[in-house]
Amino acid sequence: MTAADTLALVESPVQLLNVLEWAYQGGETTPLTVVVLPPHDPMSRGQLRRMASLARDEGFEVRWMDARGAGPSGHGGPLQTISSLARPLRAARRVVLGDPFSRYVQTLLTLVRARDIVVVDDGTATMEFVAQLARGERFVRWHRSGRGGGGARALAFAPVSSAARRRLTPGRGRRVEVFTSMPVEPPDGVVCTANEFAWTRARFGPPRLTRGSDLVGTSLVETGVVDPGCYLEAVATLARAHGATRYFAHRREKEDKLREISARTGLEIVRPDLPLEIVARRGPIGRTIVSFPSTVLHTLPLALAGTGIQVAVCQVAEEWLTTGASPRAHGFLSTVAGTAEQNGGASAVQLSIPAATA
C-alpha cells in the first residue's frame, strides 16, 4: 500500500459519508486514501460497498481491508491489516478517523505520527467523545453499562487506550479537528468545524415527497438500552398517530424484530442501501420523518434543508429502559433529542407507553 498525504480510517457507512462531506466542504485537494475496515454484519458491509463506490467516483482511492478476520476471499485479519497499514500510517501527514472508541482504531493510532488528526462524525457518539476528551476520561461508549470497569480485557488494553487519547489531545505541534453536525463544546485547542452536509445536497435531490409519514428505526433494543415490548408499542403508536407507511430500519436491527414490527403495524420495512441522509435526499420520502433520539435528528434537517420536510422526535421515557441499561443512557438520549429541538431541527412528539416488564 502506497503512502498518502491524508489517510482516512472508516468502519461504518456514516463515517465514510462524513469523510466525503469533510473533503468536499474543506476543498480537500491533497491525495486522500480511504481505508475501509468493515464490520461483520451484512447490512453494514453492503452500505459500505455502495459508499466506497461513491468515494471512488469522487476521485479518492479506497482500500477494503477485512481487519476483523478473513473476508470471503480468505484474506485479511488484524495482524495482516496492521502490517499493511504500518508504513502508510507513519508516513501520512494527516489522519482522518470516524470512531475514536474503536479498539482497532485506537491500536492503529499508536502507529500514527501525523501532526494533523481529524475526527469526523460517527453519529451521537461524537458528543460523548468530545465530552470525555474535555474531561480527560477514558473513552467509553455511552450505552455501555460501566459496571465492573470492563474486566481483564479492558485492563490489558488500558495502555493502548491511554496512548490513543494522548494522540487525540492537541498540543506539542499536534492539531486536532472535530468535523461534526452534532452540538458539542470542544475543549481548548480542539478545532470544531460544522458539518453542513453540503456534498449530499449538491449530489442528490431534491426529493419527491410522499403523502404519508416515515418512521426511522434505531438499534436501542439491540444495544440492550430499551425494552423490546416498549419499543414495539411505541412504533405502533407512532405509526397510527402519524399515518406512517414505511419504517426505515437501522442497519443493526435484527430480522426477527423487524418481522414483528411489520406484522404488528403493517409498516413496510425498508432496508436502506446507503446512509439515510442520502436515501432521504434522493427520495421519495415522507413529508414528516419521525425518529427516536438518534443521529438523524441532527443530520436530516441539514441534508433536507429547503425541502419543507419536518423531522419529529419521540423521547425515550425512563421506564422504557432495561435493567441492564447504562445509568447514563436516559440523560444522554434526552440530550440528543433536546438539543435537536432547541436548535430548531426537530419538533417533539409525546407518547404514553406502558412501562418495561423486563
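Positions 1415 to 1772 (this note's numbering) are the ones given, in order, by the sequence shown. Don't be surprised by glycine CBs; every beta carbon is placed ideally from N, CA and C.
Pick from the options: whose alpha carbon is nearest that of residue i?
i, options, result
"T1679", "D1628, H1664, D1687", "D1628"
"R1475", "L1462, V1448, M1465, P1707", "For clarity, residue 1475 is Glu in the given sequence; the question names Arg instead. For E1475, the nearest C-alpha among the options comes from V1448."
"L1421", "L1681, A1648, V1433", "V1433"
"R1615", "S1426, L1431, P1600", "L1431"
"F1571", "Y1518, R1477, A1648", "Y1518"
"A1663", "E1733, G1631, V1590, E1442", "G1631"
"P1456", "E1682, A1677, E1667, L1681", "E1667"
"G1460", "V1730, P1621, P1427, V1532", "P1427"
"V1710", "V1590, D1535, R1742, D1471", "D1535"
"R1507", "C1606, A1469, P1445", "P1445"
"S1595", "E1610, R1581, T1583, P1584", "E1610"
"E1442", "D1419, T1624, L1493, V1635", "D1419"
"A1648", "V1574, H1712, L1735", "L1735"
"S1761", "R1742, Q1520, V1704", "V1704"
"L1531", "S1633, L1423, A1653, R1625", "For clarity, residue 1531 is Ile in the given sequence; the question names Leu instead. When only C-alpha atoms are compared, the closest one is L1423."
"R1527", "L1493, R1581, R1464", "R1581"
"A1777", "A1481, D1480, V1450, H1454", "Beyond the ends of the chain as shown, which are 1415 and 1772, falls residue 1777; an answer cannot be given."
"R1617", "R1464, E1472, H1454, V1763", "E1472"
Which residues in the same chain have their Cβ closer than 6 Å to the Cβ of residue i, if we skip the five residues on either side of it in sequence?
i, result
"A1608", "none"
"R1588", "R1529"
"P1452", "R1459, L1462"
"C1606", "V1592, P1600"
"S1487", "Low per-residue confidence applies at S1487: pLDDT is 49, beneath 50, and the placement is therefore not dependable, though the value from the model is reported in the following sentence. Contacts found: none."
"A1577", "T1524"
"T1624", "P1698, G1700"
When the cut-off is 7 Å and only beta carbons count, does residue i lie next to chain D?
i, result
"L1446", "The structure shown contains no chain D; it holds only a single protein chain."
Here's a check: name, in chain order, each residue in its chain whose Cβ is nearer than 8 Å to the Cβ of residue i, leaving out the five neighbours to either side.
i, result
"L1525", "I1496, L1499, A1500, L1503, R1504"
"A1612", "E1435, Y1438, Q1439"
"E1682", "T1659, R1660, Y1661, S1676"
"P1620", "R1695, G1697, G1720, T1721"
In whole angstroms, what separates the C-alpha of residue i from that of residue j?
i, j, result
"G1722", "R1529", "42 Å"
"G1759", "L1714", "8 Å"
"P1686", "R1701", "18 Å"
"V1727", "P1707", "7 Å"
"V1725", "R1579", "35 Å"
"P1601", "L1547", "7 Å"
"V1544", "V1598", "7 Å"
"L1716", "L1522", "32 Å"
"W1478", "R1549", "35 Å"
"A1658", "E1732", "25 Å"
"F1515", "Y1645", "27 Å"
"T1753", "A1655", "24 Å"
"G1720", "P1689", "20 Å"
"V1684", "G1603", "42 Å"
"A1539", "R1555", "7 Å"
"L1747", "Q1729", "8 Å"
"H1744", "D1641", "13 Å"
"S1575", "F1553", "8 Å"
"V1533", "E1425", "13 Å"
"S1740", "A1650", "26 Å"
"A1653", "G1626", "10 Å"
"R1742", "T1749", "11 Å"
"E1691", "H1712", "10 Å"
"N1757", "G1537", "17 Å"
"V1590", "E1755", "29 Å"
"E1551", "T1583", "12 Å"
"P1356", "Q1520", "With the chain running from 1415 to 1772 in the structure shown, residue 1356 is simply not present."
"L1569", "V1509", "27 Å"
"R1464", "H1454", "16 Å"
"V1763", "G1512", "31 Å"
"Q1494", "A1481", "8 Å"
"R1586", "G1643", "52 Å"
"R1567", "P1573", "11 Å"
So, for residue i: in the same chain, excluding its five sequence neighbours on each side, which residues have a beta-carbon less than 7 Å away from its beta-carbon?
i, result
"L1718", "A1694, R1695"
"R1622", "G1697, P1698"
"E1636", "R1666, E1667, K1668"
"A1469", "L1430, L1434, V1448, V1476"
"S1633", "H1664, R1666, E1667"
"A1751", "P1707, L1711, V1727, Q1729"
Examine the ligand ATP and report whether any of its heavy atoms sits within less than 6 Å of the Cβ of residue i.
i, result
"L1716", "Absent from the structure shown: the ligand ATP. Ligands present: none."
Can you check the stretch 1669-1726 for any alpha helix (DSSP H) of at least 4 residues that lies completely inside it and give the ranges in chain order? Complete alpha helix (DSSP H) runs here, min 4: 1669-1679, 1690-1696, 1710-1717.
Whole alpha helix (DSSP H) runs in the stretch 1470-1540 with 4 or more residues, listed along the chain? 1492-1505, 1517-1523, all fully within the stretch 1470-1540.
Can you find at least 3 beta carbon pairs, one from the stretch 1689-1696 and one from the stretch 1666-1674, that sit closer than 8 Å? With the cut-off at 8 Å, the stretch 1689-1696 and the stretch 1666-1674 do not touch.
Give the list of continuous alpha helix (DSSP H) stretches no shorter than 4 residues that lie fully inside the stretch 1562-1650. DSSP runs (the alpha helix (DSSP H)) wholly in the stretch 1562-1650: 1565-1581, 1612-1617.
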